[in-house]
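Chemist:
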Amino acid sequence: MSDWEARADLVVVGSGVAGLTAALQARDAGLRTVVVTKDAPDAGSTRWAQGGIAVVLDEGHEPGDTVHRHAHDTLTAAAGLGDPRAVAAILDEGPAAVAALRGRGAVFDRAATGLALAREGGHSAFRVVHAGGDATGAEVERALLASAAGGPKHEPLPMLGGHTAVQIARAGGDRGPVVGLWVGDPEGGRGLLRAPAVLLACGGYGQLFASTTNPDTATGDGLALALRAGALLADLEFVQFHPTVLYTGAAARGRRPLVTEAVRGHGGVLVDVAGRRVMAGEHPLEDLAPRDVVAAVVTRRMAATGAPCVYLDATGLPDFAARFPTVRAACLAIGVDPLSDPIPVSPAAHYSCGGVVTDTEGRTGVPGLYAAGEVARTGLHGANRLASNSLLEGLVMGRRAARTVVAELAAPRSVPAGAPAGGTEWLPVADRDLVQRAMTRGASIGRDGAGLAAASDAIEAGIARRPVLDRAGVEDAALTLLAQAVLAAAGTRTETRGCHVRTDFPHIDDRYQRASLLVGLTDGQPHVRPVEAARRGAA
């Protein structure tokens, strides 16, 4: 039973770039739209994005650059698992999505001839637009939240902060279409938001690991909600570890400051504790190689030298303080001045390339359930994300998902009567610290079968069924389920591809070329089956 009930046309879970973009477009189209977020509206991952938005602008780009060239770079980084149709569709809409964002008030850095463009690892051209030097995500979030506040043409967008999504409500004994979302409120009550459409846009699962660039909110809640509702997940084993995260000591846990890849695009170079170039001879692009390559090389160099970090030398770069104020402030906070000191860095969990399987319109295999942003797997990223494609995907897929919901709700449909079951669940939960320690030991960069099995055994031994009553319970249950799913997928993929590095299977295996591992639930347990990369799916 619910303590309260409300109605909407669309419920959006998450207030980052994808969720707010979708919610605003749906609101502007006339849908009664409600945003649910378990924390403050600006507490997600979007505001921490430093680098920018990768896009080939209609109004100005590097000579010779094209969307086709951007697509080629994206598919190269994806290591055989990118979906060319999804890549083309998303990148083609990039200029319009950025124009729409600017129309909502976002302001990007300018150069003499137009918007300033940066280059990051894996890109063959300068095509990354940025704001505030290295504060692009914060500017994107600011503009979207300002638009959500309403104005002369639109009412404020209803936002339920401090409300935790608990369970997708489906009709017909969880076999029918989505009819709403069960949520927990800040007072400990349980409510039902009745709606024929629910859009998940609540980020990834970086908090599976002890050290990450992700905020505390990135606990995989949306993926767990979708999996339990009957949707499929894919590419979970591909967790991107950013190679240059500020090293703040061996005991550091949780979110650590990112040192944007744009520092290397600006001319910074990686050196080891002895001052030797880390990336020299390792890849044709050296310090601008794709992230999976750089992270793996850095990890090997740290192991070879016995040092806990390497260093990013940016001491000779012009205008560092103006171009990278966020990075410099984080460095100064630990007593390092990048203008005169090399920056200590090491890899940390950064971006989850996998997620809820959707098509390029945001649909999952569950009628009425949609997903966009890092929570979704569209086929854009494949086995490794190209730098600064994430904000672009959130903008484009938020727009696309909203358009899909508007169109599908316009068609006549019957609304099931009665209250759907649910709202309180007993779920398998392991202690969060145990999960993070096990995943960090066994499923970070350089995995092997024995380590993955040990991590799985440790988590299984710590699981108990508990009632999920509050935000902490929802998060811990999600992390436990996602850990099981990631370990199952990583253990099944017996090859090295993209950001999935198996030291016991160090080579690419052609059997896995363009084949994704789909994860569904059987009797409450994640199960894996290899299939050709699907654009939609349901368990």
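If you want this note's numbering, it's the 1-based position in the sequence shown plus 545.
Note that beta-carbon positions come from the ideal geometry of N, C-alpha and C, so glycine has one too.
The structure displayed is predicted, hence computed values, not measured ones.
Suppose the cutoff is 7 Å on Cβ atoms and the five residues either side in sequence are ignored; what does the same chain contact list for residue 971 look like?
Modeler: Here residue 971 corresponds to residue number 426 of the sequence shown, with the count starting at 1. Once the five neighbours on either side are set aside, the close Cβ partners of residue 971 are 1010, 1011 and 1012.
Chemist: Which of the three DSSP states, helix, strand or coil, is assigned to residue 1082?
Modeler: Taking the first residue of the sequence shown as 1, we reach residue 1082 at position 537. Below a pLDDT of 50, predicted positions are generally treated as unreliable, and residue 1082, at 42, falls in that range; no measurement from the model is reported.
Chemist: Please list the terminal residues of the continuous alpha helix (DSSP H) segment that includes residue 615.
Modeler: Taking the sequence shown and counting its residues from 1, one reaches residue 615 at position 70. Taken as a continuous stretch (DSSP letters only), the alpha helix (DSSP H) holding residue 615 covers 612-622.
Chemist: Check each candidate in 761, 811, 1015 and 651 and name the one with the smallest Cα separation from residue 727.
Modeler: Counting from one through the sequence shown, the residue named residue 727 turns up at place 182. When only C-alpha atoms are compared, the closest one is 1015.
Chemist: Would you please state the rounded distance, in angstroms, between the beta carbons of residue 816 and residue 803? I believe it to be under 8 Å.
Modeler: Counting from one through the sequence shown, the residue named residue 816 turns up at place 271. Counting from one through the sequence shown, the residue named residue 803 turns up at place 258. The pair is not a contact, with the Cβ atoms about 19 Å apart (cut-off 8 Å).
Chemist: With DSSP as the reference, please indicate the residues paired to residue 1071 in a beta bridge.
Modeler: The sequence position of residue 1071 within the sequence shown is 526, counting from 1. In the DSSP output, where bridge partners are listed per residue, residue 1071 has 1066.
Chemist: Taking a contact to mean a Cβ-Cβ separation below 8 Å, would you say residue 626 touches residue 1043 in this structure?
Modeler: As a first step, residue 626 must be located in the sequence shown, where it is residue number 81. As a first step, residue 1043 must be located in the sequence shown, where it is residue number 498. Cβ distance < 8 Å, so residue 626 and residue 1043 count as in contact.
Chemist: To the nearest angstrom, how far is the alpha carbon of residue 809 from that of residue 833?
Modeler: For this step, residue 809 is matched to residue 264 along the sequence shown. For this step, residue 833 is matched to residue 288 along the sequence shown. Rounded to whole angstroms, residue 809 to residue 833 spans 7 Å at the Cα level.
Chemist: Please list the segments of the beta strand (DSSP E) lying wholly inside the region 961-1012, counting only runs of 3 or more residues, in order along the chain.
Modeler: 970-974
Chemist: Which of the three DSSP states, helix, strand or coil, is assigned to residue 745?
Modeler: Here the question's residue 745 lines up with position 200 in the sequence shown. Three-state result, residue 745: strand.
Chemist: Please confirm if the region 587-594 is in contact with the region 710-725, defined as three or more CB-CB distances below 8 Å between the two stretches.
Modeler: no
Chemist: With 16 as the cutoff for other CB atoms within 10 Å, does residue 629 come out buried or exposed?
Modeler: Position 84 of the sequence shown, counted from the start, is the residue given in the question as residue 629. Exposed, because fewer than 16 other Cβ atoms sit within 10 Å of the Cβ of residue 629.
Chemist: Confirm, please, whether the CB-CB distance from residue 907 to residue 946 is below 8 Å.
Modeler: Reading the sequence shown from its first residue, position 401 is the one you call residue 946. Reading the sequence shown from its first residue, position 362 is the one you call residue 907. Contact: yes.
Chemist: Just curious, the beta strand (DSSP E) that residue 725 is in, first and last residue?
Modeler: Start at 1 with the first residue of the sequence shown, and residue 725 comes out as number 180. Its beta strand (DSSP E) spans residues 723-729.
Chemist: Pick from 1031, 740, 889 and 926: whose alpha carbon is nearest that of residue 898?
Modeler: The count along the sequence shown starts at 1 and reaches residue 898 at position 353. When only C-alpha atoms are compared, the closest one is 926.
Chemist: Measuring straight from C-alpha to C-alpha, what distance separates residue 853 and residue 792?
Modeler: Here residue 853 corresponds to residue number 308 of the sequence shown, with the count starting at 1. Here residue 792 corresponds to residue number 247 of the sequence shown, with the count starting at 1. Spanning the two alpha carbons is a distance of roughly 8 Å.
Chemist: Would a C-beta distance cut-off of 8 Å place residue 615 and residue 636 closer than the cut-off?
Modeler: Position 70 of the sequence shown, counting from 1, holds the residue named residue 615. Position 91 of the sequence shown, counting from 1, holds the residue named residue 636. Cβ distance < 8 Å, so residue 615 and residue 636 count as in contact.
Chemist: Can you tell me where the alpha helix (DSSP H) holding residue 1029 begins and where it ends?
Modeler: Counting from 1 along the sequence shown, the entry for residue 1029 is found at position 484. Residue 1029 -> alpha helix (DSSP H) spans 1016-1037.
Chemist: Which one of 1050, 654, 756 and 752 has the shortest CA to CA distance from residue 1088?
Modeler: Residue 1088 lies beyond the stretch modelled for the chain, which goes from 546 to 1084, so this question has no answer here.
Chemist: Among 648, 769, 1037 and 1057, which one has its Cα closest to the Cα of residue 566?
Modeler: Mapped onto the sequence shown, residue 566 falls at position 21. Out of 648, 769, 1037 and 1057, 648 has the C-alpha closest to the C-alpha of residue 566.
Chemist: Roughly how far, in whole angstroms, is the beta-carbon of residue 896 from the beta-carbon of residue 749, given that I think they are within contact range, below 8 Å?
Modeler: The residue you call residue 896 lines up with position 351 of the sequence shown. The residue you call residue 749 lines up with position 204 of the sequence shown. At roughly 6 Å, the Cβ-Cβ gap stays under 8 Å, so residue 896 and residue 749 are in contact.
Chemist: For residue 885, count the other beta carbons within 10 Å of its own beta carbon; 16 or more makes it buried, fewer makes it exposed. Which is it?
Modeler: Position 340 of the sequence shown, counting from 1, holds the residue named residue 885. Residue 885 comes out exposed.
Chemist: Is residue 1171 buried or exposed, if buried means 16 or more other CB atoms sit within 10 Å of its CB?
Modeler: As displayed, the chain neither begins before 546 nor continues past 1084, which places residue 1171 out of reach and without an answer.
Chemist: Going by Cα to Cα distance, which pick from 594, 768, 782 and 786 is closest to residue 755?
Modeler: Locating residue 755 in the sequence shown gives position 210, where the first residue counts as 1. Minimum Cα distance to residue 755 is reached at 786.
Chemist: What are the boundary residues of the beta strand (DSSP E) that includes residue 1125?
Modeler: Nothing can be reported for residue 1125: it is not among the residues displayed for the chain, which extend from 546 to 1084.
Chemist: Please state whether DSSP places residue 889 in a helix, a strand or coil.
Modeler: The count along the sequence shown starts at 1 and reaches residue 889 at position 344. Reduced to three states, the DSSP call for residue 889 is strand.
Chemist: In the DSSP assignment, the alpha helix (DSSP H) including residue 850 goes from what residue to what residue?
Modeler: Position 305 of the sequence shown, counting from 1, holds the residue named residue 850. From DSSP, the alpha helix (DSSP H) with residue 850 extends over 836-850.
Chemist: In the DSSP assignment, the alpha helix (DSSP H) including residue 654 goes from what residue to what residue?
Modeler: On the sequence shown, position 109 is the one that residue 654 refers to. Residue 654 -> no alpha helix (DSSP H), and no H or E assigned at all.
Chemist: DSSP on residue 813, reduced to helix/strand/coil?
Modeler: Position 268 of the sequence shown, counted from the start, is the residue given in the question as residue 813. Three-state DSSP puts residue 813 in coil, outside helix and strand.
Chemist: Would you grab the beta carbon distance between residue 1061 and residue 780 for me? Rounded to a whole angstrom, and I think it's under 8 Å.
Modeler: In the sequence shown, the residue the question calls residue 1061 occupies position 516. In the sequence shown, the residue the question calls residue 780 occupies position 235. Right, their Cβ atoms sit about 6 Å apart.
Chemist: Kindly indicate which residue of 723, 583 and 602 has the alpha-carbon position closest to the one of residue 912.
Modeler: In the sequence shown, the residue the question calls residue 912 occupies position 367. Checked all of 723, 583 and 602; the closest Cα to residue 912 is 723.
Chemist: Out of 554, 620, 775 and 716, which has the shortest C-alpha to C-alpha gap to residue 703?
Modeler: In the sequence shown, the residue the question calls residue 703 occupies position 158. Of the listed residues, the one whose Cα sits closest to residue 703 is 554.
Chemist: Pull up the distance between the alpha-carbon of residue 979 and that of residue 732, whole angstroms please.
Modeler: Looking up residue 979 in the sequence shown gives position 434. Looking up residue 732 in the sequence shown gives position 187. For residue 979 and residue 732, the distance between alpha carbons rounds to 29 Å.
Chemist: Near residue 892, which residues of its chain fall below 7 Å by C-beta distance, leaving aside the five closest residues on each side in sequence?
Modeler: Working through the sequence shown from its first residue, we reach residue 892 at position 347. Within the same chain, residue 892 has close Cβ partners 786, 787, 788, 790, 840, 843, 844 and 990.
Chemist: Please list the terminal residues of the continuous alpha helix (DSSP H) segment that includes residue 570.
Modeler: For this step, residue 570 is matched to residue 25 along the sequence shown. 562-573 is the span of the alpha helix (DSSP H), which, as asked, contains residue 570.
Chemist: Count the other CB atoms within 10 Å of the CB of residue 864; is the residue buried (16 or more) or exposed (fewer)?
Modeler: Mapped onto the sequence shown, residue 864 falls at position 319. It is exposed - the Cβ of residue 864 has fewer than 16 other Cβ atoms within 10 Å.
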